[in-house]
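Everything in the sequence shown is counted per my numbering, starting at 475 for the first residue and increasing by one. One structure is given here, and the rest of the page talks about it.
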Amino acid sequence: MIKSMTGYGRASTKIQIGSCNVEIRTLNSRNLDIKFSGSSLSAELEQKIRSLLSEQIQRGSVKVFIDFDNHDSERSKSFDEGNFNSILEVIKRAEEKYDQKLNLSSIVNLNDLFKYKEIEIKDDKKTILMFSEALKSLDKTRLAEGQYIGKDFLKRLDYIKKEIEDMEVLTFELTKTRKKEISEKIRFYTEQDSIDESRLMQEVAYLIERSDITEEIVRVNIHINAFTDYLKLNEPVGKRLGFLAQEINREVNTIGSKSPIPLVTSKIVEVKNELEKIKEQIQNIL
């Protein structure tokens, strides 16, 4: 089953003197890029979490938001005496200048008079377990979207196979015409007093090559079958799918250059449109 690089997961746990929540959002990106925001982790714990995320996610843009809810917030704040004295001095000067008594509570927010101690999360075991749960939640969403994209791939590949089959039928008539041209070329050269066998063989080879798209059709079908097989693997296949899509596109271009039939040209355009949509979706596959 293929995985999308886009996903979302969350989890929560009780740690130290409060509760902690984590949200993990992932988007498609060529490389792995992990960014943390919200509450702080200890340096050692953050490194462990980064290793865990790198192992599980492997590639993509990863945004991690950590929210710590301190149930004992009274313990984490202290009266800021220095700030209080500074405010009193300002009020005193204002009262002297304007000869008016000022009310402290109407001027100052009480929260300005307290310092809050920043909590650094250090509880390794519970925090790592919480991140593991968030990653499981994330993995479910990535698998679900990957399954949806995989079905879309199969639908488009079926359409491409049908169009290729139609091209083969249309080109068969052209091949018969080419054979007639070859017969006429051979008749022309055999009627000459001297036969240039080398030139004759070149003409025959050229006409045959121009009309025969058998090899291209075989290779397209091989690539499509390989693409379908990769969709069943439980491992990252995005880069391999991208390579196969390019190879299919290359063979289709060759078919287009060999066949002058307008209807085949029209089908080539439709197939290339489908391939572009497939390549766009591959960018979001792990």
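All C-beta atoms in this analysis are idealised placements derived from N, C-alpha and C, irrespective of residue type, glycine included.
Item, Value
"Output yes or no for whether 8 Å exceeds the beta carbon distance between Gln757 and Asn502.", "yes"
"Is Glu744 buried or exposed, if buried means 16 or more other CB atoms sit within 10 Å of its CB?", "exposed"
"Out of Met641, Ser525, Tyr572 and Ile759, which has the shortest C-alpha to C-alpha gap to Ser733?", "Met641"
"According to the Cβ coordinates, are Thr500 and Ile531 closer than 8 Å?", "yes"
"Using the Cβ count rule (16 or more neighbours within 10 Å means buried), how would you classify Ala568?", "exposed"
"For Phe646, tell me which candidate among Gln755, Ile729 and Arg484 has the shortest Cα-Cα distance.", "Ile729"
"Count the other CB atoms, across all protein chains shown, that sit within 10 Å of the CB of Lys468; report buried if there are 16 or more and exposed otherwise.", "Because the chain in this structure spans residues 475 to 760, residue 468 falls outside the shown range and cannot be described."
"Look up Ile687 in the DSSP assignment and say whether it is helix, strand or coil.", "coil"
"Does Phe662 pass the burial test, meaning 16 or more other C-beta atoms within 10 Å, or should it be called exposed?", "exposed"
"Excluding the 5 residues preceding and the 5 following Leu612 in the sequence, name in chain order all residues of the same chain whose CB lies nearer than 6 Å to its CB.", "Gly481, Gly483 and Ile498"
"Express the C-alpha separation of Lys706 and Gln621 in angstroms, rounding to a whole number.", "10 Å"
"Thinking C-alpha only, which one of Phe539, Gly624 and Leu760 is nearest Ser514?", "Phe539"
"Considering only their Cβ atoms, is the gap separating Asp541 from Gly492 smaller than 8 Å?", "no"
"With distances taken from CA atoms, which of Lys629, Lys625, Val536 and Lys575 is nearest Leu609?", "Val536"
"Helix, strand or coil: which one does DSSP assign to Ser733?", "coil"
"Given a threshold of 16 other Cβ atoms within 10 Å of its Cβ, counted over all protein chains shown, does Ser478 qualify as buried or as exposed?", "buried"
"Along the chain, which unbroken stretches of the alpha helix (DSSP H) at least 4 residues long are found entirely within the region 701-758?", "712-732 and 736-756"
"What does the alpha-carbon distance come out to for the pair Ile634 and Ser525?", "42 Å"
"Alpha carbon to alpha carbon, what distance is there between Ser511 and Leu737?", "56 Å"
"Which partner residues does Leu501 have in the DSSP bridge list?", "Ser535"
"Please tell me whether Phe627 and Gln720 are closer than 8 Å, where the distance is taken between their beta carbons.", "no"
"What are the start and end residues of the beta strand (DSSP E) that includes Ser511?", "Leu506 to Gly512"
"Between Asn495 and the rest of its own chain, which residues show a CB-CB distance below 6 Å, the 5 nearest in sequence each way excluded?", "Ser486 and Asp541"
"Rounded to the nearest angstrom, what separates Gly752 and Ile602 at their Cα positions?", "According to the sequence shown, residue 752 is Ile rather than Gly. Each residue's Cα considered, the two are about 37 Å apart."
"Using the beta-carbon count (16 or more within 10 Å), is Val726 buried or exposed?", "buried"
"At which residues does the beta strand (DSSP E) containing Lys488 begin and terminate?", "Gly481 to Ile489"
"Going straight from the alpha carbon of Glu518 to that of Gly534, what length do you get?", "23 Å"
"In chain order, what residues of the same chain have a beta carbon less than 6 Å from the beta carbon of Ile687, not counting five sequence neighbours either side?", "Thr645, Ile729 and Lys732"
"Relative to the C-alpha of Asn708, which residue among Ile722, Leu718 and Leu760 is closest?", "Leu760"
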